[in-house]
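For reference, the structure is listed below as structure tokens.
Chains as they are written, first to last, in this note's numbering: chain A, 33 to 262; chain B, 33 to 262.
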């Protein structure tokens, strides 16, 4: 699966959050595409990028309850009608559309009656509508709030969640999570220093054992549900 | 009441609808402010325009279920946090916020389950949220669909509705409509050629008589509601 991250952030060099996400993305096999770094959009090249991706993720901070103007400008310029649905062809059909949205405000502010009086999902409705028209599969958005106030443990959790958002097959089910971790674990362990390889291997063995135990429990549960017909 | 129309339209010279609205606005005492014609935004000047207006109207065609990038760029540049709510001051508080949104699609497409699968109000939620934060009074949006397919009579009706949207006091009640028409009628008649002045005066007299009759009917209705207590 090829993931394309379309980043809109006019002041990315001052953003701790984006730097952190960038490092997380670097560890995965994904393409990081920063719009504000492009002096002049090449419509053909941008459309080609979209055609070759399987999962397309828009990533941006909230500027006045929406993406920064650079993303809207990219939409208005690159997403021609003819590209999205010309001649009954839908080149983005069945590709996945994800949104990673960052904010300096706490998430609890984004609800009716809250300080901001609008929900995250409401703010992203227009982007989702584009995906809907292009016949894409819409993934639940991933909001990241107040990154710089987070403890290190929270940030590490966020890193994993973000990496899963970039590459884990949808939907975000227990089975898909397990498979993703099983695939990632050997790569993580391979990066450990030699002295930690033994511990790493123990973790991998334990994880494999847990998976096997879980599988057995699931089978047992299914048997109970079916009743004792045999 | 001072009305400021902030127009965002990158191809305004090709837009019949905008030309029509422009003519309608010219007949009223309002300010037409076309963002795409501005090479470099002057933040101070833009903020000053907002400060001196009583009713601020955003007017634009739908580009991918939102305003064109030029309006978002204006928001990101002009609406600094410090301007909107710095130091507990809200310079836009109690001003009215209106939105005139044009589309080439029929309005019935904009509903859940329709072709576009998103409502007009949903698309405008982010703009309304800015107004809410700035403590503005939000007016119901005025959508204009498929202007070029309209018959002349519909277009004339639209012209009046638009002019009322620009200048009629809110809410759009029967009483406010009547007062608005009573104020406008002498101006319209004054513009008629000399040969039509007599007819114009007849219309004005009929309108005044209708208003008086309506007033009497209202009084009678109120008496009936109160019962015959005296």
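Just so it is clear, CB atoms sit at the ideal spot from N, CA and C, and this is done for glycine as well. These numbers come from a predicted model, not from an experiment.
Rounded Cβ spacing between residue i and residue j (contact assumed at less than 8 Å)
i	j	result
residue 236 of chain A	residue 218 of chain A	7 Å
residue 88 of chain A	residue 53 of chain A	Not confirmed; about 16 Å, so no contact.
residue 39 of chain B	residue 91 of chain B	5 Å
residue 195 of chain A	residue 138 of chain A	About 24 Å separates the two Cβ atoms, so there is no contact after all.
residue 63 of chain B	residue 37 of chain B	7 Å
residue 49 of chain A	residue 176 of chain A	6 Å
residue 106 of chain A	residue 158 of chain B	Not confirmed; about 17 Å, so no contact.
residue 164 of chain B	residue 93 of chain B	With 8 Å as the limit, residue 164 of chain B and residue 93 of chain B do not qualify as a contact, their Cβ atoms being about 24 Å apart.
residue 110 of chain B	residue 75 of chain B	6 Å
residue 126 of chain A	residue 169 of chain A	6 Å
residue 34 of chain B	residue 112 of chain B	The pair is not a contact, with the Cβ atoms about 22 Å apart (cut-off 8 Å).
residue 212 of chain A	residue 229 of chain A	Actually they are not in contact, since the Cβ atoms of residue 212 of chain A and residue 229 of chain A sit about 22 Å apart, beyond 8 Å.
residue 345 of chain A	residue 173 of chain B	Since the displayed chain A opens at 33 and closes at 262, residue 345 of chain A lies outside it and no answer follows.
residue 243 of chain B	residue 210 of chain B	6 Å
residue 167 of chain B	residue 122 of chain B	5 Å
residue 69 of chain B	residue 198 of chain B	Residue 69 of chain B to residue 198 of chain B, Cβ: 20 Å. No contact.
residue 101 of chain A	residue 108 of chain B	5 Å
Simplified DSSP state of residue i, which is helix, strand or coil
i	result
residue 243 of chain A	helix
residue 62 of chain B	coil
residue 151 of chain A	coil
residue 71 of chain B	coil
residue 145 of chain B	coil
residue 187 of chain B	helix
residue 134 of chain A	strand
residue 43 of chain A	coil
residue 112 of chain A	coil
residue 127 of chain B	coil
residue 91 of chain B	strand
residue 223 of chain A	coil
residue 175 of chain A	strand
residue 157 of chain A	helix
residue 98 of chain A	strand
residue 169 of chain B	strand
Min CB distance residue i to chain B below 7 Å
i	result
residue 149 of chain A	yes
residue 132 of chain A	no
residue 282 of chain A	Past the edges of chain A, shown from 33 to 262, lies residue 282 of chain A, and the structure says nothing about it.
residue 144 of chain A	no
residue 162 of chain A	yes
residue 180 of chain A	no
residue 274 of chain A	Nothing about residue 274 of chain A can be read from this structure; chain A reaches only from 33 to 262.
residue 157 of chain A	yes
residue 20 of chain A	Since the first residue shown for chain A is 33 and the last is 262, residue 20 of chain A is missing from the structure and cannot be characterised.
The ligand FMN heavy atom lying under 6 Å from the CB of residue i
i	result
residue 254 of chain A	Among the components modelled here there is no ligand, and therefore nothing to report on the ligand FMN.
Inset, instruction - Give, in chain order, every residue of the segment 110-122 of chain A whose Cβ lies closer than 8 Å to some Cβ of chain B. - result: 111
Legend entry - Near-chain B residues of the segment 85-112 of chain A (beta-carbon distance less than 7 Å), N- to C-terminal order: 95, 96, 97, 98, 100, 101, 104, 105, 107, 108 and 111
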